[in-house]
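Report on the structure given below.
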Amino acid sequence: GEHWEVVDILLKGGADIETQDEYGDTLFFRAVKQYNKSLAILLLDKGACIDGRIGGDRTPLHYVSAFGEESVAHFLLERGANTEVRDSFGYTPLSLAVECGRLEMVELLLNAHADIEARDTNGFTPLLMAVGWTEDMARLLLDKGADIEGRDNKKRTALFEAARQGQLGLARLFLERGADIEARDEEGRTPLWEAVGEGNTKAVSLLLDSGASIEVEDS
1 GEHWEVVDIL LKGGADIETQ DEYGDTLFFR AVKQYNKSLA ILLLDKGACI
51 DGRIGGDRTP LHYVSAFGEE SVAHFLLERG ANTEVRDSFG YTPLSLAVEC
101 GRLEMVELLL NAHADIEARD TNGFTPLLMA VGWTEDMARL LLDKGADIEG
151 RDNKKRTALF EAARQGQLGL ARLFLERGAD IEARDEEGRT PLWEAVGEGN
201 TKAVSLLLDS GASIEVEDS
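Counting from 1, position 169 in the sequence shown corresponds to residue 169 in the UniProt record's numbering; the numbering is continuous, with no gaps.
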């Protein structure tokens with residue numbers, strides 16, 4: 001078709017297949033964004049890098065994980081896209097899918113063996129990121145083996161985040177799944193004292209009803 005001919009002419013004329021436009025997009029990334037599968041395949045067959053950085057930071061799989069269709073992600077994964085590549089924030093494609101609340105995309109990436117414990121620059125795992133979303137997201141990650149005691153750079157677990165944000169449903173879920181109610185962060189605080197500090201009275205009540213000790217204060 002026309003795309004083949006145009007690309008062939010460009011490449012035969014010495015064009016660099018990884019050339020980026022003013023927005024940092026490569027030809028391959030443009031094909032992915034438009035989900036022009038035949039052009040994407042052609043470019044890969046001509047040597048385009050499937051993990052080429054867009055604007056020097058994120059890969060096509062990063063973009064698709066946040067904004068694209070599952071079918072496009074499936075195509076990229078089939079062609080060998082790297083699930084563990086990180087952007088400047090330390091986000092993997094899985095991290096972005098969680099951050100954007102994309103349940104089906106998260107499941108697709110996990111089924112492709114994406115690292116469920118990948119940490120961003122703040123030490124946040126996908127489970128810690130999921131606290132801002134629905135219980136379904138956290139439940140999926142836990143069912144797939146996420147470490148409920150995974151800690152960020154401040155040594156806070158998902159239960160800390162749920163207590164801090166006043167996310168009662170998530171706090172209950174984490175407690176039901178065996179989260180350590182007396183876990184301490186780097187300053188010696190427990191989830192209870194995190195909830196107290198944020199003024200989340202319902203979270204305080206839940207944690208007390210669940211057996212949290214009132215004796216442990218921050219140091």
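Beta carbons are placed, not taken as given, at the ideal position from N, Cα and C, and that holds for glycine.
Span of the alpha helix (DSSP H) around residue i
| i | result |
| --- | --- |
| residue 18 | It is not in any alpha helix (DSSP H) - residue 18 carries neither H nor E in the DSSP assignment. |
| residue 75 | 70-78 |
| residue 169 | 168-176 |
| residue 106 | 103-111 |
| residue 133 | Per DSSP, residue 133 belongs to no alpha helix (DSSP H) and is neither H nor E. |
| residue 38 | 37-45 |
| residue 209 | 201-209 |
| residue 28 | 27-33 |
Environment of residue i [buried if 16+ CB atoms lie within 10 Å]
| i | result |
| --- | --- |
| residue 57 | exposed |
| residue 62 | buried |
| residue 65 | buried |
| residue 159 | buried |
| residue 200 | buried |
| residue 23 | exposed |
| residue 136 | exposed |
Bridge partner(s) assigned by DSSP for residue i
| i | result |
| --- | --- |
| residue 58 | 54 |
Straight-line gap, residue i to residue j (C-alpha atoms, nearest Å)
| i | j | result |
| --- | --- | --- |
| residue 52 | residue 169 | 40 Å |
| residue 101 | residue 141 | 12 Å |
| residue 68 | residue 151 | 30 Å |
| residue 211 | residue 194 | 15 Å |
| residue 209 | residue 172 | 11 Å |
| residue 164 | residue 191 | 8 Å |
| residue 81 | residue 48 | 12 Å |
Distance cut-off 7 Å: residue i Cβ against heavy atoms of the ligand COA
| i | result |
| --- | --- |
| residue 73 | This structure lacks the ligand COA; in fact it carries no ligand of any kind. |
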